Each structure stands twice: as C-alpha cells, then as structure tokens.
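Student: For reference, each letter of the sequence shown is one residue, going 1 to 374 in the UniProt record's numbering. Virtual Cβ for every residue (Gly too), placed ideally from N, Cα, C. Just so you know, these numbers come straight off a predicted model, no measurement behind them. One structure, pasted below without further comment.
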Amino acid sequence: MATGLRILKKSNAMVVIDKPSGLRSVSAFGPSNQLRLHYQAREAGVSEDELAAEFGGRTTRRDRFIAAVRRCDNILPEKVLSRADSLPRTKERFIKYCSSRAGGSVQRDIAELAWIKICKYILQAENEEGLEESDSVVGRLKKLIPDTRPVHRLDMQTSGLLAVALNRQAAGHLSEQWRTRNVQKGYLALVHGVPEPRVGSIQLPLERIRTPRYNGDFPRMVVAPGGKPSLTSYRVLSSASSFSLVALTPHTGRMHQLRAHLDAIGHSILGDDVYGSPTIDFKPSRLCLHAAYLACTDPDSGVTWSISSLAPDFLQEATSHYPPFSTEINSLFSLKFHQDQALLSTFFPSTTTLLLSTNNEDNGTSSKNEVTLL
1 MATGLRILKK SNAMVVIDKP SGLRSVSAFG PSNQLRLHYQ AREAGVSEDE LAAEFGGRTT
61 RRDRFIAAVR RCDNILPEKV LSRADSLPRT KERFIKYCSS RAGGSVQRDI AELAWIKICK
121 YILQAENEEG LEESDSVVGR LKKLIPDTRP VHRLDMQTSG LLAVALNRQA AGHLSEQWRT
181 RNVQKGYLAL VHGVPEPRVG SIQLPLERIR TPRYNGDFPR MVVAPGGKPS LTSYRVLSSA
241 SSFSLVALTP HTGRMHQLRA HLDAIGHSIL GDDVYGSPTI DFKPSRLCLH AAYLACTDPD
301 SGVTWSISSL APDFLQEATS HYPPFSTEIN SLFSLKFHQD QALLSTFFPS TTTLLLSTNN
361 EDNGTSSKNE VTLL
C-alpha cells in the first residue's frame with residue numbers, strides 16, 4: 001500500500017518525511033466536507049464553490065470539545081469556562097482540574113456530571129453532522145504501520161522535515177528529545193523586505209489568543225509582556241527587490257513562533273494569511289516557510305541523524321518572478337551544502353556545535369539523506 005510520502009530516512013524506530021505544503025501532520029476529525037461548506041457558505045453569504053476555493057480549513061474535535069464545555073455554563077464556573085481551549089481532555093485529569101483551586105474548587109460529582117454532558121454534546125454534534133478524517137502524514141503511515149505516533153508537528157501550510165515515531169517506545173524517546181530541546185531545527189523562509197541587521201535574533205514573549213474567523217475562533221500568537229519567553233535566530237541569505245530569503249532557528253517551541261516573530265519585527269513571511277503578508281509584486285501560491293534542517297538521535301541505533309531538505313517549491317516561484325534573485329540562489333544551492341556540515345553551519349549558525357560532531361563517521365553519526373517514496 002503506497003502512501004505517496006517522500007521518505008528521507010527510516011529506521012525500525014522512526015522515519016523522517018519531507019512533508020508537502022497543504023498536508024496535515026496529524027489527522028483532524030470534523031464534519032463532512034459537504035456539510036461544512038454548506039453551513040460556512042450560508043454564514044458568509046457566498047456560494048459553496050467560492051468558499052471551497054478560498055478556504056481549506058475544517059473544524060476539529062478540539063473545537064467540538066471547547067463548544068461542549070461552554071454549553072455547561074449552568075454547572076461550571078467561569079474559571080473553567082474561560083479556559084475551555086486549554087482544559088485537559090481526559091476524564092480524570094479534567095475532574096482533577098475542576099476540583100482544584102485553579103478550576104474553582106468544583107465538587108467532584110458536579111465535575112463528573114459536566115464530563116458526562118460534554119461527552120454527550122460532542123457525540124450529538126458528530127452524529128448530526130457526520131465526521132470526516134482529514135488527510136495527514138501520520139494517517140497515511142498508520143495504514144502501513146498501525147503503531148505510528150506523532151512526535152512534533154508542522155503547520156499544514158509549512159513544508160519540510162517531519163519526524164514520526166513508528167512505535168510507542170520510540171515515541172517516548174523522541175518526545176523526550178523534543179521536550180528537553182535536544183534537537184536542532186532550521187527553517188528557510190521568504191519574508192517581506194530585508195531584516196536589519198542581516199544576522200540577529202528575535203527575543204519577544206508570545207501569548208496565545210483566539211481570533212474570530214469564518215469557521216469559529218482561531219488560535220494565534222501575539223507579543224505580550226506576560227507571554228512565554230520565545231527566541232528565534234535568523235540570517236539573511238539573499239535579497240531581492242521586495243523580499244528576502246532567510247534561515248531561521250527556533251530556540252523555543254511556541255506555536256506559530258517563526259510566523260509571529262517575523263510579523264512582529266515588520267518582516268512577515270510571504271503567503272501568511274493568518275499573520276498578514278504585505279502586498280508586493282510577488283504573490284506566492286502558499287506560505288513560504290520550509291523546515292529545511294533537522295538533527296536528532298535515532299532511538300533504535302543511537303545514531304545522530306543530520307538531515308536536510310533545501311529546495312522548497314516557493315524558491316522556484318520567486319526566482320521565476322525575479323530573475324536577478326535566481327543567480328544568487330543558484331550560487332547558494334550549487335554549493336551542495338547539505339553534504340557539507342561546515343557550510344550548513346553557515347546557514348544555521350546556532351547549530352554549529354552539533355553539526356561539527358555529525359560530520360564524523362567514527363562517532364556513530366550520519367548526515368546522508370536517503371530518498372525513497374513510501
């Protein structure tokens with residue numbers, strides 16, 4: 001059974017996929033496509049065909065959970081209702097939170113009743129509307145390897161390297177690497193204008209809010225004094241008339257961190273319809289953000305994998321639109337720096353320490369990409 005996924009490296013414990021833009025990392029469950037379009041088109045006052053062409057999103061089980069919690073406003077206190085988007089979604093953890101001081105010290109029997117109602121409301125909504133599982137990397141892999149488990153995620157419109165665990169034990173090992181930030185990641189992006197200085201860092205705290213959109217509240221990050229500490233390093237690799245190619249290294253793992261940080265300094269990523277992409281003469285077909293570099297340890301062998309994917313399709317669009325940009329880009333990529341760790345460290349300087357070690361075959365590391373189609 002073919003999955004149509006581009007596999008860059010695989011072991012008995014994990015696989016690294018070159019995810020295309022437009023494909024989810026993990027499946028979401030929502031109302032059937034036909035019903036979703038019908039209701040959204042009616043609310044927006046447009047035809048279903050127009051809506052289908054403009055939007056690709058769909059509601060998720062998380063959205064249904066939030067809606068169900070808010071329907072329990074007659075038995076749950078405001079402390080719980082106001083945190084509907086971040087409440088535990090397992091029974092015991094939900095009841096424990098509601099019973100705590102942070103949850104308003106709800107009596108256990110009341111919390112249990114609320115949980116029963118929430119489950120009832122979710123099931124009722126699903127039965128009425130019908131469910132459809134969205135296409136995803138993990139969903140495709142599960143058809144071949146049922147114990148496949150996600151380790152991290154890329155936004156649906158972000159392309160590039162995605163690591164997936166192939167069994168429960170491997171998922172635990174890999175999740176610990178991500179939790180302790182013992183992983184190196186690098187991204188390529190096209191951004192508006194030319195960031196100054198050309199090499200620098202963005203250290204702005206980020207807070208999650210929800211913004212009304214056509215299909216309900218949508219989560220996004222904003223810079224806020226009380227937000228979580230967030231740090232991104234960047235390096236301008238090349239510049240055109242109105243946009244630049246930058247290498248990005250996130251040192252923290254906040255949702256939408258790269259997109260929010262670049263927007264905050266006035267250089268938003270091209271094609272970003274959430275954080276705002278300025279109108280320029282070049283209009284890309286999608287979000288110009290690509291996970292280009294990943295280094296982590298394979299739980300099966302203990303080998304450090306150093307993997308790169310350095311030719312996102314939006315670069316072809318950019319060079320076709322602005323030929324002078326093509327010469328510099330071709331010069332950069334003709335170096336074949338994905339086979340040379342010293343050159344890679346020039347693009348992603350914050351990964352230098354790890355990269356210098358991953359070029360040594362004697363220490364049990366590997367940097368060669370193996371491309372297959374699974």
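1) Buried or exposed: where does A53 fall if 16 or more other Cβ atoms within 10 Å of its Cβ makes it buried?
2) In the DSSP assignment, what residue or residues form a beta bridge with E207?
3) Using a 10 Å radius around the Cβ and a threshold of 16 neighbouring Cβ atoms, would you call R149 buried or exposed?
4) List the endpoints of the continuous beta strand (DSSP E) containing F282.
5) Buried or exposed: A240, going by 16 or more other Cβ atoms within 10 Å of its Cβ?
6) Who are the Cβ neighbours of Q177 in its own chain at under 6 Å, not counting the five residues just before and after it?
7) With DSSP as the reference, label T327 as helix, strand or coil.
8) Tell me the DSSP secondary structure of A295 in three-state form.
9) Would DSSP call G200 helix, strand or coil?
10) From what residue to what residue does the alpha helix (DSSP H) around K10 run?
11) With a cut-off of 8 Å, does the C-beta of L23 fall near any C-beta of chain D?
12) What residue from L258, S306 and I110 has the CA that sits closest to L204's CA?
13) On the three-state DSSP scale, how would you describe L289?
14) For the stretch 81–166, list the beta strand (DSSP E) runs that are entirely contained and at least 3 residues long, ordered along the chain.
15) Measuring CB atoms only, is the stretch 264–281 touching the stretch 166–175, in the sense that at least three cross pairs come out at less than 8 Å?
16) Taking the alpha carbon of K142 as the reference point, which residue from L5, L123, R198 and V194 has its own alpha carbon closest?
17) With A84 and C98 assumed to form a contact (beta carbons below 8 Å), what rounded beta-carbon distance in angstroms separates them?
18) Keeping to the same chain, check which residues put their C-beta closer than 7 Å to that of P88; ignore five residues upstream and five downstream.
19) Starting from G186, follow its DSSP beta bridges and name the residues at the other end.
20) Let me make sure I understand the geometry here. Which of K9, G22 and L8 has the alpha-carbon closest to that of C288?
21) May I have the straight-line CA-CA distance separating R62 from I17, to the nearest angstrom?
Tutor: The structure says:
1) Residue confidence for A53 is low, a pLDDT of 45 falling below 50, so the modelled location carries little weight; the figure read from the coordinates is stated next. When all chains shown are included, A53 counts as exposed.
2) Answer is V222.
3) With 16 or more other Cβ atoms from the protein chains shown falling within 10 Å of its own Cβ, R149 counts as buried.
4) From DSSP, F282 is part of no beta strand (DSSP E); its letter is neither H nor E.
5) With 16 or more other Cβ atoms within 10 Å, it is buried.
6) Same-chain partners within the cutoff: V183 and C296.
7) Judged by DSSP in its simplified three-state form, T327 adopts helix.
8) The answer is strand: DSSP assigns A295 an E or B state.
9) In the three-state reduction of the DSSP assignment, G200 falls in the strand class.
10) Run containing K10: none in the alpha helix (DSSP H); it sits in the beta strand (DSSP E), R6 to K10.
11) Looking at the structure shown, chain D is missing, and only one protein chain is on hand.
12) Ranking L258, S306 and I110 by Cα distance to L204 puts L258 first.
13) Three-state result, L289: strand.
14) List check, beta strand (DSSP E) in window: 131–133 and 159–165.
15) Touching, no, given that fewer than three Cβ pairs across the two stretches are closer than 8 Å.
16) Comparing Cα-Cα distances from K142 to each of L5, L123, R198 and V194, the minimum goes to L5.
17) Not confirmed; about 12 Å, so no contact.
18) Within the same chain, P88 has close Cβ partners F94 and Y97.
19) DSSP lists Y293 as partners of G186.
20) That would be G22, whose Cα lies nearest to the Cα of C288.
21) Going by the C-alpha atoms only, they are around 26 Å apart.
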